[in-house]
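Before any comments, here is the structure.
Protein chains: 4
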Amino acid sequence: MTQLVTRPARRARSDQAILAATRELLEQHGVRGLTIEGVAERSGVAKTTIYRRYRDRDELALAVLIEDTESFRTPPDLGDTRKELLAFVKEATEIILRGSVIQGIASEVATNPELGQAYRERIIDVRLAEVGEIVARAIERGDLRPDTDVRVAHELLIGPLMYRLIFSGRPLNRRHAAQVVDAVMAAYAPAPAATKKRR
Amino acid sequence: MTQLVTRPARRARSDQAILAATRELLEQHGVRGLTIEGVAERSGVAKTTIYRRYRDRDELALAVLIEDTESFRTPPDLGDTRKELLAFVKEATEIILRGSVIQGIASEVATNPELGQAYRERIIDVRLAEVGEIVARAIERGDLRPDTDVRVAHELLIGPLMYRLIFSGRPLNRRHAAQVVDAVMAAYAPAPAATKKRR
Amino acid sequence: MTQLVTRPARRARSDQAILAATRELLEQHGVRGLTIEGVAERSGVAKTTIYRRYRDRDELALAVLIEDTESFRTPPDLGDTRKELLAFVKEATEIILRGSVIQGIASEVATNPELGQAYRERIIDVRLAEVGEIVARAIERGDLRPDTDVRVAHELLIGPLMYRLIFSGRPLNRRHAAQVVDAVMAAYAPAPAATKKRR
Amino acid sequence: MTQLVTRPARRARSDQAILAATRELLEQHGVRGLTIEGVAERSGVAKTTIYRRYRDRDELALAVLIEDTESFRTPPDLGDTRKELLAFVKEATEIILRGSVIQGIASEVATNPELGQAYRERIIDVRLAEVGEIVARAIERGDLRPDTDVRVAHELLIGPLMYRLIFSGRPLNRRHAAQVVDAVMAAYAPAPAATKKRR
DNA sequence: GACTAAGCGAGACGGTACGTCGCGTCTTAAA
DNA sequence: TTTAAGACGCGACGTACCGTCTCGCTTAGTC
Chain A
0 MTQLVTRPAR RARSDQAILA ATRELLEQHG VRGLTIEGVA ERSGVAKTTI
50 YRRYRDRDEL ALAVLIEDTE SFRTPPDLGD TRKELLAFVK EATEIILRGS
100 VIQGIASEVA TNPELGQAYR ERIIDVRLAE VGEIVARAIE RGDLRPDTDV
150 RVAHELLIGP LMYRLIFSGR PLNRRHAAQV VDAVMAAYAP APAATKKRR
Chain B
0 MTQLVTRPAR RARSDQAILA ATRELLEQHG VRGLTIEGVA ERSGVAKTTI
50 YRRYRDRDEL ALAVLIEDTE SFRTPPDLGD TRKELLAFVK EATEIILRGS
100 VIQGIASEVA TNPELGQAYR ERIIDVRLAE VGEIVARAIE RGDLRPDTDV
150 RVAHELLIGP LMYRLIFSGR PLNRRHAAQV VDAVMAAYAP APAATKKRR
Chain C
0 MTQLVTRPAR RARSDQAILA ATRELLEQHG VRGLTIEGVA ERSGVAKTTI
50 YRRYRDRDEL ALAVLIEDTE SFRTPPDLGD TRKELLAFVK EATEIILRGS
100 VIQGIASEVA TNPELGQAYR ERIIDVRLAE VGEIVARAIE RGDLRPDTDV
150 RVAHELLIGP LMYRLIFSGR PLNRRHAAQV VDAVMAAYAP APAATKKRR
Chain D
0 MTQLVTRPAR RARSDQAILA ATRELLEQHG VRGLTIEGVA ERSGVAKTTI
50 YRRYRDRDEL ALAVLIEDTE SFRTPPDLGD TRKELLAFVK EATEIILRGS
100 VIQGIASEVA TNPELGQAYR ERIIDVRLAE VGEIVARAIE RGDLRPDTDV
150 RVAHELLIGP LMYRLIFSGR PLNRRHAAQV VDAVMAAYAP APAATKKRR
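Quick mapping for you: the protein sequence lines, in order, are chains A, B, C and D.
Quick note on numbering: the first sequence equals residues 0 to 198 in numbering that gives the first Met the number 0.
Quick note on numbering: the second sequence equals residues 0 to 198 in numbering that gives the first Met the number 0.
Quick note on numbering: the third sequence equals residues 0 to 198 in numbering that gives the first Met the number 0.
Quick note on numbering: the fourth sequence equals residues 0 to 198 in numbering that gives the first Met the number 0.
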């Protein structure tokens with residue numbers, strides 16, 4: 000126990016070098032250009048050392064993605080549901096685009112059960128919790144229906160992003176984010192009785 | 000030109016053998032287990048012959064997917080927008096699940112521009128047209144707002160499917176399809192003033 | 000059938016390049032410096048191609064040794080048993096020293112059954128036949144006893160060579176060859192006429 | 000020097016553990032299965048500690064061999080040259096077969112000068128002295144010629160053993176030992192009385 | 001019905017990267 | 001001071017497929 004805790008120096012140096020090199024390669028050559036051998040060469044870290052940490056290339060790429068996700072800033076109570084949802088989508092978009100990792104590991108995440116589980120636990124669950132908080136506040140404010148399904152709402156927010164990113168290739172921008180957010184808000188808007196009052 | 004026209008016999012036999020073997024491998028071992036060498040061995044077709052038709056493995060996988068998509072049955076006018084949208088989602092789900100090809104080539108489609116273009120032209124555009132027709136009829140019926148954005152509606156319908164398929168790993172079933180369809184219909188429901196009159 | 004026979008061109012070119020590079024490496028850096036990767040680089044032949052022919056480094060080294068052995072010139076009937084045995088020992092010595100391969104694969108030959116079998120069939124048996132002919136002629140001439148054990152004679156001739164080569168490190172020269180040959184001739188000398196008297 | 004003298008306790012414990020584990024691995028998996036890492040694991044001794052004592056794997060293997068050789072029992076004056084030579088060959092055979100180390104380090108001894116020197120000083124010279132004594136007594140008894148070359152006699156006795164062990168794979172047994180001993184005795188037999196007549 | 005070029009099978013080949021093994025060095029904490 | 005523990009850089013291993021390249025055989029459609 001003491002050893003792992005008290006002697007992180009070498010580990011930390013290698014860890015950092017590996018992730019930095021991985022990021023560089025991802026940004027410069029995309030996921031196709033991400034190679035363990037390439038990371039080893041660029042980072043000055045031995046291939047063996049990389050394999051001691053990550054089972055394979057996909058796990059390494061996921062690690063970068065997770066690190067990014069951990070920087071996800073919880074959108075605070077802005078007093079405005081639409082603003083909060085927009086902030087959420089923008090933050091997600093930013094992380095998704097950074098490094099362009101997701102496109103590359105999508106197939107792996109979908110195919111490799113262990114990787115999929117890691118993705119779910121380390122990334123999806125984090126975002127789901129965010130949406131949960133936003134939705135809870137929105138319900139309290141009367142902006143969304145009390146029976147709003149958080150998971151489906153989350154899918155409606157993120158699914159289109161991913162679809163554009165991976166399949167349709169269309170751009171992820173403010174306009175699209177607004178369109179999606181508006182659709183979700185309309186979809187889960189409270190019953191019309193309340194609407195009457197508003198208009 | 001003359002070649003393809005005048006000597007279709009042998010070509011056709013090889014074509015068929017290649018696609019059949021590809022399908023088998025995809026179903027049995029997933030996309031990771033799809034290799035040109037494997038297809039050659041299983042189909043009894045020479046590697047050279049495969050490469051004469053498909054630039055690489057991903058193009059081959061896409062070919063299978065396109066073939067499936069071409070069987071997409073246009074949902075006819077059912078007189079009921081919700082039923083038509085459900086039929087669309089179900090049909091899409093079926094194709095998506097068949098062969099489990101999409102998960103495997105997602106990363107390629109996202110990464111390889113030529114493949115991406117092919118995917119868009121041969122698959123997305125086909126479905127987009129379907130949604131367009133359904134939405135047009137729905138607008139006519141007064142079920143959806145006249146300014147409904149077909150592309151975004153399409154993303155809201157398909158995006159969650161893909162998200163489940165690739166990332167969250169949750170099941171694609173009737174209940175989920177209904178949730179998504181209902182959300183889209185609510186999102187693009189005509190302005191409430193009109194609603195009062197109708198009901 | 001026709002194919003294998005009529006299309007040896009590429010094979011032959013690779014074969015030759017591989018063996019040439021192997022020989023160079025053996026002569027320059029000894030067996031320790033013999034690496035499949037090194038051979039690949041030096042020969043311009045892909046590693047894969049080498050592995051298609053030789054299971055591993057030792058098999059490759061043995062191939063060189065076998066090629067050398069196949070050039071073994073059968074010492075003709077010189078009319079003189081001592082001269083013939085000396086010619087045999089000299090020839091063997093020359094091949095043994097050429098390339099210094101034997102020292103390096105000795106352990107493998109001793110340890111790996113398949114390699115050992117190959118060594119016996121392709122190398123030992125060849126030499127054993129030589130000794131057999133020489134001994135046969137010697138017996139006819141009355142230079143060696145009719146019951147001379149060819150195999151033991153062979154061991155007495157070659158064993159000391161190998162012992163010097165591998166263990167004692169002493170030089171293999173004409174003097175030593177003569178000492179060994181003389182010992183063998185004395186050991187299997189026919190009973191002198193005097194023997195009659197003794198018994 | 001002081002170290003070895005003043006703190007022998009821990010050293011000795013490690014020494015013993017290392018050699019024991021080495022022996023086990025050699026016997027169970029042959030020389031190919033002898034690795035420093037394996038010895039460390041099996042012995043509970045740190046790799047570092049092994050490297051403090053032995054430069055590399057071969058030196059370690061040699062250490063085991065030397066230990067065995069040091070148990071070589073000098074064949075006493077049996078009053079019979081043939082019996083003494085047979086005893087010598089049998090003793091050598093026994094040590095050679097024990098642990099099957101020699102086959103594995105043969106290539107190293109032949110290739111690595113330092114190892115070769117150690118082998119000569121610690122093993123060959125010991126046996127050479129044995130043969131020297133036996134030959135000396137034999138000459139005195141009139142069983143061997145006074146000009147018998149001890150070194151060559153030694154090579155004729157041991158060379159065939161090694162040749163069988165490493166190359167021909169034939170068995171080392173009493174019959175073979177007798178054949179070799181008889182050959183050596185015949186080779187260096189004193190000129191018979193009859194010889195006078197011949198010359 | 002024989003001819004002839006397109007299409008094909010077979011598979012050798014150079015190449016990239018894989019993931020693994022064991023080496024020998026180095027650093028650190030505990031004994 | 002010596003040790004156990006183990007991280008590390010390193011070199012090579014043997015493997016899997018890649019995509020390219022001959023090379024003859026097969027055969028469909030023409031003459």
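We put the CB at the ideal spot given by N, CA and C, even for glycine.
Euclidean distance between Cα positions of residue i and residue j
i, j, result
"K46 of chain C", "T110 of chain C", "25 Å"
"L199 of chain C", "D67 of chain A", "With chain C running from 0 to 198 in the structure shown, residue 199 of chain C is simply not present."
"T92 of chain A", "D55 of chain C", "52 Å"
"T5 of chain D", "A11 of chain D", "Unreliable positioning characterises T5 of chain D in this predicted model, as indicated by a pLDDT of 44, which lies under 50. A coordinate reading is not provided."
"Y162 of chain C", "A117 of chain C", "21 Å"
"A86 of chain D", "L96 of chain D", "15 Å"
"A19 of chain B", "V44 of chain B", "11 Å"
"S42 of chain C", "I17 of chain C", "6 Å"
"R81 of chain D", "G168 of chain D", "26 Å"
"E154 of chain B", "V183 of chain B", "10 Å"
"K89 of chain A", "Y53 of chain B", "39 Å"
"I101 of chain B", "D76 of chain B", "29 Å"
"L171 of chain C", "I94 of chain C", "12 Å"
"R174 of chain A", "D142 of chain B", "25 Å"
"H28 of chain C", "L164 of chain C", "17 Å"
"A190 of chain B", "V149 of chain A", "25 Å"
"R9 of chain A", "S13 of chain D", "29 Å"
Burial state of residue i, where buried means 16 or more other Cβ atoms lie within 10 Å
i, result
"Q15 of chain B", "exposed"
"S106 of chain B", "buried"
"G158 of chain B", "buried"
"R51 of chain D", "exposed"
"R198 of chain D", "Model confidence at R198 of chain D stands at a pLDDT of 39, short of 50, so the residue's coordinates are unreliable; what they give is reported in the following sentence. Result: exposed."
"E40 of chain C", "exposed"
"E26 of chain A", "exposed"
"A204 of chain C", "In the structure as shown, chain C starts at 0 and stops at 198, and residue 204 of chain C therefore has no counterpart that could be examined."
"D146 of chain A", "exposed"
"A176 of chain D", "buried"
"P74 of chain A", "buried"
First through last residue of the alpha helix (DSSP H) which encompasses residue i
i, result
"R173 of chain B", "173-186"
"S106 of chain A", "100-110"
"P74 of chain C", "Taken as a continuous stretch (DSSP letters only), P74 of chain C belongs to no alpha helix (DSSP H), as it is neither H nor E."
"E40 of chain A", "35-42"
"F87 of chain D", "80-96"
"Y50 of chain C", "46-52"
"R136 of chain C", "124-140"
"T68 of chain B", "56-68"
"V30 of chain D", "Counting along the chain, V30 of chain D falls outside any alpha helix (DSSP H), and DSSP gives it neither H nor E."
"L164 of chain C", "No alpha helix (DSSP H) contains L164 of chain C, which DSSP labels as neither H nor E."
Presumed contact (8 Å Cβ cut-off) between residue i and residue j, rounded CB distance
i, j, result
"E58 of chain C", "L127 of chain C", "Contact doesn't hold; Cβ gap of about 22 Å is too wide."
"A60 of chain A", "V38 of chain A", "Between V38 of chain A and A60 of chain A the Cβ distance is about 10 Å, and since that is not below 8 Å, they are no contact."
"V108 of chain B", "F166 of chain A", "6 Å"
"I49 of chain A", "I65 of chain A", "With a Cβ gap of about 16 Å, I49 of chain A and I65 of chain A do not count as contacting."
"L156 of chain A", "V130 of chain A", "7 Å"
"G98 of chain D", "V63 of chain D", "6 Å"
"I138 of chain D", "E83 of chain D", "That belief does not hold up - the Cβ atoms of I138 of chain D and E83 of chain D are roughly 12 Å apart, past 8 Å."
Among the options, nearest to residue i - alpha-carbon criterion
i, options, result
"T21 of chain B", "B:P112, B:R10, B:L33, B:R12", "B:L33"
"D181 of chain D", "C:A177, C:V180, C:Q178, C:Y187", "C:Y187"
"R121 of chain B", "B:A176, B:E69, B:G131, B:M161", "B:E69"
"R144 of chain A", "A:R173, A:L164, A:A185", "A:A185"
"F71 of chain D", "D:S99, D:L18, D:I123", "D:I123"
"L160 of chain B", "B:V149, B:T147, B:Q178", "B:Q178"
"R140 of chain A", "A:D79, A:I101, A:A190", "A:D79"
Closer than 7 Å: residue i CB and nearest the ligand MN heavy atom
i, result
"R31 of chain B", "The ligand MN is absent from the structure shown, which contains no ligand whatsoever."
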